[in-house]
Amino acid sequence: MSSLVTGEAVALDLRTASFVSRSLALLLDLAVQFAALYAIFLAVTLGLGAFDSAVVAGLTVVGVVGVLIGYPVVFETLTRGRSLGKLAFGLRVVRDDGGPERFRHALVRALVGFGELYLTSGSAALIASMVSERGKRLGDQLAGTVVVRERVPSLSRPVPLVAPGLAQWAGALELSALPDGLALEARTFLSRAPLLHDGSRARLAGQLASAVAARVTPPPPPGLPAEPYLATVLAERRRRELARVTPTYVPVPAPPPAAYAPVQHAPVGYAPAPYPAAVPQTGGSASTGSGFAPPV
Numbered sequence: 011m012s013s014l015v016t017g018e019a020v021a022l023d024l025r026t027a028s029f030v031s032r033s034l035a036l037l038l039d040l041a042v043q044f045a046a047l048y049a050i051f052l053a054v055t056l057g058l059g060a061f062d063s064a065v066v067a068g069l070t071v072v073g074v075v076g077v078l079i080g081y082p083v084v085f086e087t088l089t090r091g092r093s094l095g096k097l098a099f100g101l102r103v104v105r106d107d108g109g110p111e112r113f114r115h116a117l118v119r120a121l122v123g124f125g126e127l128y129l130t131s132g133s134a135a136l137i138a139s140m141v142s143e144r145g146k147r148l149g150d151q152l153a154g155t156v157v158v159r160e161r162v163p164s165l166s167r168p169v170p171l172v173a174p175g176l177a178q179w180a181g182a183l184e185l186s187a188l189p190d191g192l193a194l195e196a197r198t199f200l201s202r203a204p205l206l207h208d209g210s211r212a213r214l215a216g217q218l219a220s221a222v223a224a225r226v227t228p229p230p231p232p233g234l235p236a237e238p239y240l241a242t243v244l245a246e247r248r249r250r251e252l253a254r255v256t257p258t259y260v261p262v263p264a265p266p267p268a269a270y271a272p273v274q275h276a277p278v279g280y281a282p283a284p285y286p287a288a289v290p291q292t293g294g295s296a297s298t299g300s301g302f303a304p305p306v
């Protein structure tokens, strides 16, 4: 993996192309170029025999330069960093900041590549690639580019599951002190454990289990192996994270409908009797206005 920093100061982790894949892509491109050169020489020999030798030599030089330099420049510019060989092996040329390759980058790589690939028989490119941390040849160094892999094999990582009989213990775990880096390391180990040697697998499992147990409480039940312990802790951690980011839907019951009381309309021609006025009670005080009682 190689960290490329974009213009926004964002680090991109990209898998740089290996020396073998770049060499195979270069061999395919060379085969295409030599086939084009052979076709040009054949056409010059058969069709231009009546012309002056200077004209034939000039057309030959133009054809050679067009194939050896124009081919990579045109292909990498139009396809944003891919030639026929790179397309076949899933490679791409990108800038050091992760951006797509432009015409000037492709031109610099082709001009420098003509010297380090053809004039030195590839020895300069080989030495520069072995010295560079990212496997960059001289053309990449001067153009500010790097070759990365586009088709990266995806590794299926099984989701850790709670070991049988440990659900109650897993529900009481305190996982707040477990760092994300250690959890990711344990998850990566569990996904690659079947590919490891038995001795290395047991040793790594014990080390990771000890590191996790130092940050997780309560301690594991006695006799629990390291790998089921790690799987149970990670499964419980994942369950809580999913529960935290996925709210549980609780339906709210609708209120009962209000009782409907039909309005009683009075019959036509009906007039209600007037309500009689209140009369004061005997013995009441008129100044205070108290002592009123409803009519009998």
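In terms of the working numbering, the sequence shown opens at residue 11 and continues consecutively. We put the beta carbon where it would ideally sit given N, CA and C, even for glycine. All figures in this text were calculated on a predicted structure; none of them were measured in a lab.
In the DSSP assignment, E184 is bridged to T227.
Note that the C-beta distance between V74 and L47 is below 8 angstroms.
Membership of T155 in the beta strand (DSSP E) is indicated by the continuous run T155 to R159. Membership of R197 in any beta strand (DSSP E) is not indicated; the residue belongs instead to the alpha helix (DSSP H) covering D190 to R202.
When DSSP states are grouped into helix, strand and coil, L171 belongs to the coil group.
Closest option to L194, judged by alpha-carbon separation, among G209, A177 and L218: L218.
Scanning its chain for C-beta atoms nearer than 7 angstroms, with the 5 sequence neighbours on each side dropped, one finds around A27 the residues L101, G145, V157, V158 and R159, in chain order. In the structure shown, R102 falls within a strand segment according to DSSP collapsed to helix, strand and coil.
Counting C-beta atoms within 10 angstroms of its own C-beta, A215 has 16 or more neighbours from the protein chains shown and is therefore classed as buried.
For E86, the enclosing alpha helix (DSSP H) stretches over residues Y81 to L88.
The residue from R248, F44 and L40 with its alpha-carbon nearest to that of L183 is R248.
The beta carbon of P230 sits closer than 6 angstroms to those of Y239, all from its chain and outside the five residues before and after it, given in chain order. Judged by DSSP in its simplified three-state form, P110 adopts strand. By the neighbour-count criterion, in which a residue is buried when 16 or more other Cβ atoms sit within 10 angstroms of its Cβ, F85 is buried.
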